[in-house]
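FYI, the numbering for the sequence shown is 77 to 505, going by this note's numbering. Each remark here refers to the structure printed beneath this line.
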Amino acid sequence: MDRIRIVGGAKLNGTIPISGAKNAALPLMIASLLTPETLVLENVPRLSDVRMLKRILGNHGVDVMVAGKRVGERDDDGETVKLNAGAIVDTTAPYELVSQMRASFWVIAPLLARMGEAKVSLPGGCAIGTRPVDFLLMALEKLGAEIEIDRGYVLAKAKNGLKGGEIDFPKVTVGGTHTALMAAVLAQGTSVIRNAAREPEVGDLARCLVKMGAKISGIDSSTLEVVGVGSLHGAQHRVLPDRIEAGTYAFAAAMAGGDVTLTDVQPILLQSALDRLAESGATVTSDVNSIRIQRNGNGIAPVSLETEAFPGFPTDLQAQFMALMTKANGTARITETIFENRFMHVQELARFGAKIRLDGDTAIVEGTPVLKGAPVMATDLRASVSLVIAALAAEGETMINRVYHLDRGFEQLEAKLQRCGAEVERIRA
Ligand code: EPZ
77 MDRIRIVGGA KLNGTIPISG AKNAALPLMI ASLLTPETLV LENVPRLSDV
127 RMLKRILGNH GVDVMVAGKR VGERDDDGET VKLNAGAIVD TTAPYELVSQ
177 MRASFWVIAP LLARMGEAKV SLPGGCAIGT RPVDFLLMAL EKLGAEIEID
227 RGYVLAKAKN GLKGGEIDFP KVTVGGTHTA LMAAVLAQGT SVIRNAAREP
277 EVGDLARCLV KMGAKISGID SSTLEVVGVG SLHGAQHRVL PDRIEAGTYA
327 FAAAMAGGDV TLTDVQPILL QSALDRLAES GATVTSDVNS IRIQRNGNGI
377 APVSLETEAF PGFPTDLQAQ FMALMTKANG TARITETIFE NRFMHVQELA
427 RFGAKIRLDG DTAIVEGTPV LKGAPVMATD LRASVSLVIA ALAAEGETMI
477 NRVYHLDRGF EQLEAKLQRC GAEVERIRA
C-alpha cells in the first residue's frame, strides 16, 4: 500500500487549482441512468471514487467514455466524461460494488424511475457512523414505490411508474435529497420535497437535471417542487468546484503559514469555513473565483464551532479544522452534529502530540505550540487529510499509511502541495 511522507516546517507559498467536486460528480454521473441520451460532464475529478462509479454504472449498461485532451486544456482541468445509458441491461447493484462506495446506493432512484424496478444492496455502516438509508427509502415510498428488504438487498418496485408525492425529511439528508430528486423528475404529477438539503452539490444536480428537461423549482432552497416529465434528454454540464478540497487547502495554508491562492473555486460555497478561518487570525481575501490565504508571523487563535448542514460549517471540514486548532494558542470546542462517530482522527492527531479530549459529540482541543511528526494511519477520507495538515506544521517526518483513503477524494494532493513548497512525497508500495 502506498504511503505519504511529509517533512513539516515549510511555509506554503503559491497557487493551488481546485478540482471539480467529488460529491457533485458522483450524483451527476448517476443521473445519466435517467436518460437514453448522452450526458456530458466536464471538470470531473480524477479520483478513485469516480473510477469505481464508472465501473458500477458500466455494470448497469452505461457506456462511459472519457474525451481526449482538447487544445488549450490545462493539466489541472478535470476529465470530460460522456455517459450513455441507451440500454440498461441490469437493474441490480450488487453488494461487492455498493459496499465499496456508499453513494452508489443512489442508483436505486434512477433505476426505479426509468425501469420500474431496482435491486440494490444495503450499503451498511462506515467509519464515520451507522449511516442508515431509511429516509431514502421513505422518500421512494412516498412516490409510490413498494419496498422490501430481502437478504441484505433493497427490492424497489413501481410497476406502473412512480407518482408525485410529498416528502418531508425529518433531518437534512444530502443523499436523501439526491434520491428524491432523481426519482421525482420522472414521476407522474407533482412532488414536493421539504427540509431538502441545500448543499451546493444538490443544487448542481438539480441544475443538471433541468438541462436534461426536468421541471424543478426552489433550487438551492429547502423546499423543492418537481413536476414530473415523461422522459429526459442528453445535456452538457460542468461539475462545480470542490468546496471541501478548497477548505482543506485553505486550512493547510493557515496551519503551515505562508501565502496561498486557490483558483477555480467559488468562495461563496465555503463562506462559513472562510469566516472561521479569518477568526483564527489568517488573512482571507476572495474574488469571484479565487481565495487568498495569508498567515505570516501571527499565531492561530482558538475558534469553537459546530458542524451544520449548508450553509453552516460542513462536517466534511471538521477533521481538517481540528488539525488547525491543535496549534492554536488556547482551547477550541468542536461539536459534530451530523455524524455520530466522526472523531476517528482524534487518536491519530494525538500521535503528533495534540491535546484533544472527547466529551460526547464535542472535541475539546487544547492548542499546543509544538507538534512532532509521527507514523499515522487514516480511517476515512477527511480524517486522512487532517493528518496531512498536522504533518505540514509538525517538526520532523510523518509517514501517513493507508493513502487509498486520500486517493478517493483528493486529486494530485502531493503535486498541489509540492508546488507550494511543501516537502511531500508518495512512497509507492
Ligand atoms: C453526503 O453523505 C456526503 N457524501 C458526505 O461526504 C457528507 O459528509 C454528508 O453528505 C453530509 O454533508 C457524498 O455526497 C457522496 P446525509 P450522505 O444523508 O448523503 C443521517 C465525504 O467525506 N441519515 O446528508 O450519506 C446520516 O446518518 C462524505 O465526502 C439517516 O439517519 O449524508 C447522517 O447522520 C462523507 N437516514 C445525516 O442523516 C438516512 O436515510 C446526514 O447524512 C440518511 C441519512
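All residues carry an ideal CB built from backbone N, CA and C; glycine is no exception.
Taking the C-alpha atoms as reference points, what is the distance between residue i and residue j?
{"i": "residue 232", "j": "residue 134", "result": "21 Å"}
{"i": "residue 104", "j": "residue 453", "result": "31 Å"}
{"i": "residue 356", "j": "residue 140", "result": "44 Å"}
{"i": "residue 424", "j": "residue 475", "result": "12 Å"}
{"i": "residue 208", "j": "residue 178", "result": "10 Å"}
{"i": "residue 494", "j": "residue 159", "result": "34 Å"}
{"i": "residue 259", "j": "residue 265", "result": "12 Å"}
{"i": "residue 167", "j": "residue 113", "result": "18 Å"}
{"i": "residue 369", "j": "residue 338", "result": "8 Å"}
{"i": "residue 149", "j": "residue 318", "result": "19 Å"}
{"i": "residue 485", "j": "residue 101", "result": "11 Å"}
{"i": "residue 237", "j": "residue 499", "result": "56 Å"}
{"i": "residue 496", "j": "residue 361", "result": "18 Å"}
{"i": "residue 272", "j": "residue 371", "result": "37 Å"}
{"i": "residue 331", "j": "residue 503", "result": "24 Å"}
{"i": "residue 367", "j": "residue 96", "result": "16 Å"}
{"i": "residue 428", "j": "residue 463", "result": "9 Å"}
{"i": "residue 398", "j": "residue 410", "result": "7 Å"}
{"i": "residue 121", "j": "residue 154", "result": "5 Å"}
{"i": "residue 304", "j": "residue 389", "result": "33 Å"}
{"i": "residue 477", "j": "residue 80", "result": "7 Å"}
{"i": "residue 229", "j": "residue 175", "result": "11 Å"}
{"i": "residue 277", "j": "residue 99", "result": "6 Å"}
{"i": "residue 314", "j": "residue 116", "result": "8 Å"}
What distance in whole Å lies between the Cβ atoms of residue j and residue i, which are believed to be in contact at a cut-off of 8 Å?
{"i": "residue 417", "j": "residue 443", "result": "That belief does not hold up - the Cβ atoms of residue 417 and residue 443 are roughly 24 Å apart, past 8 Å."}
{"i": "residue 256", "j": "residue 215", "result": "4 Å"}
{"i": "residue 392", "j": "residue 123", "result": "14 Å between Cβ atoms; not a contact."}
{"i": "residue 173", "j": "residue 132", "result": "5 Å"}
{"i": "residue 267", "j": "residue 219", "result": "6 Å"}
{"i": "residue 446", "j": "residue 432", "result": "The pair is not a contact, with the Cβ atoms about 15 Å apart (cut-off 8 Å)."}
{"i": "residue 84", "j": "residue 395", "result": "With 8 Å as the limit, residue 84 and residue 395 do not qualify as a contact, their Cβ atoms being about 18 Å apart."}
{"i": "residue 183", "j": "residue 254", "result": "Wrong, their Cβ atoms sit about 11 Å apart, outside the cutoff."}
Using the Cβ count rule (16 or more neighbours within 10 Å means buried), how would you classify residue i?
{"i": "residue 274", "result": "buried"}
{"i": "residue 297", "result": "exposed"}
{"i": "residue 374", "result": "exposed"}
{"i": "residue 77", "result": "exposed"}
{"i": "residue 82", "result": "buried"}
{"i": "residue 451", "result": "exposed"}
{"i": "residue 472", "result": "exposed"}
{"i": "residue 108", "result": "buried"}
{"i": "residue 321", "result": "buried"}
{"i": "residue 38", "result": "A query on residue 38 cannot be resolved here, the shown segment of the chain reaching from 77 to 505 and no further."}
{"i": "residue 293", "result": "exposed"}
{"i": "residue 491", "result": "exposed"}
{"i": "residue 147", "result": "exposed"}
{"i": "residue 434", "result": "exposed"}
{"i": "residue 93", "result": "buried"}
{"i": "residue 44", "result": "Shown here, the chain extends from 77 to 505; a query on residue 44 therefore has no answer."}
{"i": "residue 340", "result": "buried"}
Relative to the alpha-carbon of residue i, which residue among the options has its alpha-carbon at the smallest distance?
{"i": "residue 198", "options": "476, 369 and 210", "result": "210"}
{"i": "residue 129", "options": "372, 465, 106 and 317", "result": "106"}
{"i": "residue 437", "options": "382, 421, 430 and 448", "result": "382"}
{"i": "residue 379", "options": "364, 368 and 350", "result": "350"}
{"i": "residue 316", "options": "240, 344 and 504", "result": "344"}
{"i": "residue 354", "options": "467, 327 and 169", "result": "327"}
{"i": "residue 307", "options": "290, 301 and 314", "result": "290"}
{"i": "residue 262", "options": "287, 240, 79 and 283", "result": "240"}
{"i": "residue 226", "options": "287, 395 and 194", "result": "194"}
{"i": "residue 386", "options": "396, 414 and 312", "result": "414"}
{"i": "residue 222", "options": "235, 229 and 228", "result": "235"}
{"i": "residue 449", "options": "457, 254 and 465", "result": "465"}
{"i": "residue 364", "options": "384, 342 and 352", "result": "342"}
{"i": "residue 111", "options": "286, 407 and 310", "result": "310"}
How is the beta strand (DSSP E) around residue i delimited, first residue to last?
{"i": "residue 314", "result": "311–314"}
{"i": "residue 342", "result": "Premise fails: residue 342 is in no beta strand (DSSP E) and is neither H nor E."}
{"i": "residue 187", "result": "First-last for residue 187: 184–191, but that is the alpha helix (DSSP H), not the beta strand (DSSP E)."}
{"i": "residue 82", "result": "79–83"}
{"i": "residue 416", "result": "No beta strand (DSSP E) holds residue 416; DSSP gives it neither H nor E."}
{"i": "residue 474", "result": "473–477"}
{"i": "residue 439", "result": "438–442"}
Could you give the residue range of the alpha helix (DSSP H) that holds residue i?
{"i": "residue 100", "result": "98–107"}
{"i": "residue 160", "result": "From DSSP, residue 160 is part of no alpha helix (DSSP H) but of the beta strand (DSSP E) over 155–160."}
{"i": "residue 276", "result": "276–287"}
{"i": "residue 492", "result": "489–494"}
{"i": "residue 212", "result": "210–218"}
{"i": "residue 145", "result": "Looking at the DSSP string, residue 145 is not in any alpha helix (DSSP H), and its letter there is neither H nor E."}
Following a CB-centred definition, is residue i positioned closer than 6 Å to any heavy atom of the ligand SAM?
{"i": "residue 250", "result": "No copy of the ligand SAM appears in this structure; the ligands present are the ligand EPZ."}
Mind checking if residue i is an interface residue toward chain C, Cβ cutoff 7 Å exclusive?
{"i": "residue 367", "result": "The structure shown has no chain C; it contains just one protein chain."}
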